[in-house]
Amino acid sequence: MFDVPTTWSAFLRGDIGNWIGAFLTLAIFSILWKENPIYRWCEHIFVGSTSAYSVVTTFSSTIKTGVQTNMIQNGDWWEIIPICLGLLIYFQPFPGYRWISRFPTAYWVGYNAGMGLTIRTFMPLLTYARTSMLPLIVTTNGAFDLMASFNNTVFVGSLFLTLLYFFFSFDFIARQQWILSGGRWIVMLAFGASFGTTVMSRISLFLGRAEFLLGDWLGILPK
Amino acid sequence: MSVDRWRKFIHMDKRIIYLIMCIGVVAPMFMTFGLPITVERPMQDFFNVIENLPPDSIVVVAHEASPSQISEFKPMLICLMTHIYQKGHRIVIQSFWAQGNALALEWSKSAFEANGMIYGTDYVCVGYRTGLTAIMDGARTNYINAYSDRDHYGNTLSTMPVMRGFEKASDIGLVVIFTGGSPGVGEYISNWQSRGDVMNMIACAAAVQIPPEMVRYQAGMLQGICGGMSGAAQYEKIMGMPGSATSGMDSQGIGHLTIILLVILGNIGYFIIRNAEAKERASRDAAVS
Amino acid sequence: MRRTLPVALTFIVGVTAMINTYFVNPSLAAFCTRYLARTSTVSSAWAVGLGTLNLMRIHIRRINRRQDNWQYSVSLVVTYVIFLFLGVFLVGHQNNHFFQAFFNSIQPHLSSTMFSVLCFYIASAAFRAFRMRSMEATMMLLSAFIIMLGNVPIGAAIFPPMPQISDWIMNQINTSSLRAMSIGLSMGGIAQTMRNLVGIERGHLAAE
Chain E
-4 MFDVPTTWSA FLRGDIGNWI GAFLTLAIFS ILWKENPIYR WCEHIFVGST SAYSVVTTFS
56 STIKTGVQTN MIQNGDWWEI IPICLGLLIY FQPFPGYRWI SRFPTAYWVG YNAGMGLTIR
116 TFMPLLTYAR TSMLPLIVTT NGAFDLMASF NNTVFVGSLF LTLLYFFFSF DFIARQQWIL
176 SGGRWIVMLA FGASFGTTVM SRISLFLGRA EFLLGDWLGI LPK
Chain G
166 MSVDRWRKFI HMDKRIIYLI MCIGVVAPMF MTFGLPITVE RPMQDFFNVI ENLPPDSIVV
226 VAHEASPSQI SEFKPMLICL MTHIYQKGHR IVIQSFWAQG NALALEWSKS AFEANGMIYG
286 TDYVCVGYRT GLTAIMDGAR TNYINAYSDR DHYGNTLSTM PVMRGFEKAS DIGLVVIFTG
346 GSPGVGEYIS NWQSRGDVMN MIACAAAVQI PPEMVRYQAG MLQGICGGMS GAAQYEKIMG
406 MPGSATSGMD SQGIGHLTII LLVILGNIGY FIIRNAEAKE RASRDAAVS
Chain B
460 MRRTLPVALT FIVGVTAMIN TYFVNPSLAA FCTRYLARTS TVSSAWAVGL GTLNLMRIHI
520 RRINRRQDNW QYSVSLVVTY VIFLFLGVFL VGHQNNHFFQ AFFNSIQPHL SSTMFSVLCF
580 YIASAAFRAF RMRSMEATMM LLSAFIIMLG NVPIGAAIFP PMPQISDWIM NQINTSSLRA
640 MSIGLSMGGI AQTMRNLVGI ERGHLAAE
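Protein chains in written order, with this note's numbering: chain E, -4 to 218; chain G, 166 to 454; chain B, 460 to 667.
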């Protein structure tokens, strides 16, 4: 274990860090002009750095903490069993011994499946079902509420049409054209709405980079 | 414009479209339209949930995010941290995304400094762990043990003042989930809300996640949503802290209009060409017959 | 034995976890939290290494065989080794001041920009492919326009009731449709989980 002087990190946090960031940003944006080696180079650096970071965080936060704190400090030596179980996954690349790697996978699938077949999964499903049962005729202060009734009818109708559209089990439903077109229309309206929000997300992504380039790096954005 | 010109137009070099889009988003950064921002119901509910929390509550900020969400999540985090601190609650940051914890600390730095918030007393970050289901299940009975009594930096959690009285998930007053994908809101609802541990949950959603979160909001699983950059701008408005989201809404507006205009022009071109081709075909058929 | 034992392990672990949530038994709950859940957390941490090991294997092989674009693989392997070395051997690991500064000057920029390119692709794709070819496509287009305009203040400036119309589509149509899909997905998920638990579905067990 070693450390480096804090001046090194201060150096990277200053202008030089902005310049590196700007170079990498422009290198990735260069793909918009055409395919080029600098983009490919940066793409590989991205994959390398991201995967290394995942390993480092997992190592320090789960593995090291487990060994140092739980085993050595607290004396929970039984944790050697999960460590060994986890290590069995490394038999995966060896064809003759690949079957050994099934044990950790079987454990994870079993644990998550067991947890999945509980209230964790059923509750959201039941909540969706319960809150979908809306009255089609709504009265407010004793008077018929046209708008609320219309909204509830549209909501319940859209829900049923979508459910039926994706319900392939009976031929009868598959033959009903009104269900198919109604369901398709509703799904298309929903996808259109999702597209609308996706556009906002994509513009936000670019805005972040534009703010970095024009603000942090070039400093020409009005404050 | 002649049909040939329309044909050329709808087959124009994609780089011209990129340039138009770039100008559409960047140009408004240098001017301010100052269009009024309306606070919508999901955002108002989001704000009210924090306002109505009992004093000295534990608020878990689950920052399930990646660096690309900076322009949406950073302004939300700044407002959120300030809001929670001003209301006198304690903050526990956690994330099941490898970079989520470090990003939350980095993006909230200005709020921590501006409010003089102290690490370990006012807020803490418990760090990243693998095995989400197991961690969240363990946290139901003993939160500190589930995190092996260590925070993001390897310090002992149990001795920190911020953790006083916080033993298990049911001690949490509110979970604020930043969601940019999976794991996200669904996992928190399944593991904590469905089993009755934490009922108060609100979400800060990336715009792309708004539709699925609206489903949960309408079903009552989420009590409020701060969605996308527009949600962040609304939060800044309520808090009286105009920032990058408020100024970004002008770029968003022109960016949206640019795409709408491109689609309309593309469709006009498509119909003109289709009609011209249909006419050509009809006259050819007439000549043959 | 090579298949039966893992299937049995899946079943035993799964049923134990399930029983723990259906019946209130303090000693079983303690066992599940302390051993069952902890084993899952600790053992799954090792799987992250396998993923990157495979990545390295592929790229080192490409370098050794001088396959097409092997030079890029060199940059990937070198970056990986540098980050891994610094992350493991620097004091404080990923929280070390230098590691953080080094990482922050490279990875977030690459990651953010990689995704921000989608802004241009979505504009280009919308211009080229979003056509009113049919009634369904027209409805999708109109819905997208309304939501897009309703999302930004400029939409209300152009047509004041736009945010209300946008909200109506989001609340009545989009939410109901997505809720129906969620119901279907949940039911499919439950069926799939049951198949995993009882060993009908064995896709997770690697081939020989």
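Glycine residues also receive a C-beta, built at the ideal position from the N, C-alpha and C atoms.
About 17 Å separates the Cβ atoms of Gly389/G and Thr192/E, ruling out a contact at the 8 Å cut-off.
Sequence-distant Cβ neighbours of Pro220/G in its own chain, meaning closer than 8 Å and more than five residues away, are Lys252, Gly253 and His254. Excluding residues up to 5 positions away in sequence, Leu608, Gly609, Gly614 and Ala615 lie with their Cβ nearer than 6 Å to the Cβ of Met621/B in the same chain. The segment 58 to 71 of chain E makes no contact with the segment 519 to 526 of chain B: fewer than 3 CB pairs, one atom from each, lie closer than 8 Å. Residue pairing for Met366/G: DSSP places it in a beta bridge opposite Val340/G.
Interface flag for Pro620/B against chain E is unset, since no Cβ pair is found closer than 8 Å. Under the Cβ distance rule, Ala452/G does not count among the residues neighbouring chain E, no pair being separated by less than 8 Å.
One finds Trp627, Asn630 and Gln631 in chain B with Cβ atoms closer than 9 Å to the Cβ of Asn146/E, taken in chain order. Ranked by Cα distance from Leu7/E, the first of Gln631/B, Asn563/B, Met598/B and Phe618/B is Asn563/B. Between Asp287/G and Ile256/G, the alpha-carbon positions lie close to 6 Å from each other. Fewer than three Cβ pairs drawn from the segment 549 to 562 of chain B and the segment 205 to 223 of chain G lie within less than 8 Å of each other, which leaves the two stretches out of contact. Scanning its chain for C-beta atoms nearer than 6 Å, with the 5 sequence neighbours on each side dropped, one finds around Phe162/E the residues Ile168, in chain order. For Gly510/B and Pro77/E, the gap between their C-alpha atoms comes out near 19 Å.
For Ile519/B, no chain E residue has a C-beta closer than 7 Å to its own C-beta; the minimum C-beta separation is roughly 12 Å. Taking a C-beta distance under 8 Å as the contact criterion, Ile75/E and Phe86/E do not qualify as a contact pair.
CA-CA distance, Glu237/G to Ser199/E, rounds to 7 Å.
By the beta-carbon neighbour count (other beta carbons within 10 angstroms, threshold 16), Asn365/G is buried. The continuous alpha helix (DSSP H) containing His556/B extends over residues His556 to Asn563. Contact residues of the segment 605 to 617 of chain B toward chain G are Met607, Leu608, Asn610, Val611, Pro612, Ile613, Gly614, Ala615, Ala616 and Ile617 (C-beta to C-beta distance below 9 Å). As the crow flies, the alpha-carbon of Cys491/B is around 7 Å from that of Asn479/B. Contact of Val474/B with chain G is not assigned, every C-beta pair being separated by 8 Å or more.
Listed along chain E, no residue sits closer than 8 Å to Val483/B by beta-carbon distance, the nearest being about 13 Å off.
In this structure the segment 102 to 118 of chain E lies against the segment 467 to 484 of chain B, because at least three pairs of beta carbons, one per stretch, are closer than 8 Å. Within the segment 218 to 306 of chain G, the runs of beta strand (DSSP E) at least 3 residues long that lie entirely inside it are, in chain order, 223 to 229, 255 to 260 and 288 to 293. For the beta strand (DSSP E) assignment, the segment 604 to 628 of chain B encloses no uninterrupted run of at least 3 residues. Taking C-beta separations shorter than 8 Å and ignoring five residues to either side along the sequence, the partners of Ile26/E in its chain run Tyr34, following chain order. For Asn65/E and Phe207/E, the gap between their C-alpha atoms comes out near 43 Å. Between Met414/G and Ile202/G a beta carbon distance of about 7 Å is seen, short of the 8 Å cut, so the two are scored as contacting. Counted as a single uninterrupted DSSP element, the alpha helix (DSSP H) harbouring Ile642/B occupies residues Thr634 to Val657. Arg449/G counts as exposed, since fewer than 16 other beta carbons sit within 10 angstroms of its beta carbon. By the 16-neighbour rule on beta-carbons within 10 angstroms, Asp178/G is exposed. Between Leu200/E and chain G, the shortest Cβ-Cβ separation is below 8 Å. With respect to Ser503/B, Thr295/G sits close: the two C-beta atoms are nearer than 8 Å. Rounded to whole angstroms, the separation of the alpha carbons of Asn31/E and Asn528/B is 12 Å.
The segment 344 to 363 of chain G and the segment 313 to 330 of chain G do not touch, with fewer than 3 CB-CB distances between them shorter than 8 Å. Nearest Cα to Phe190/E within the set Met404/G, His421/G and Tyr435/G: His421/G.
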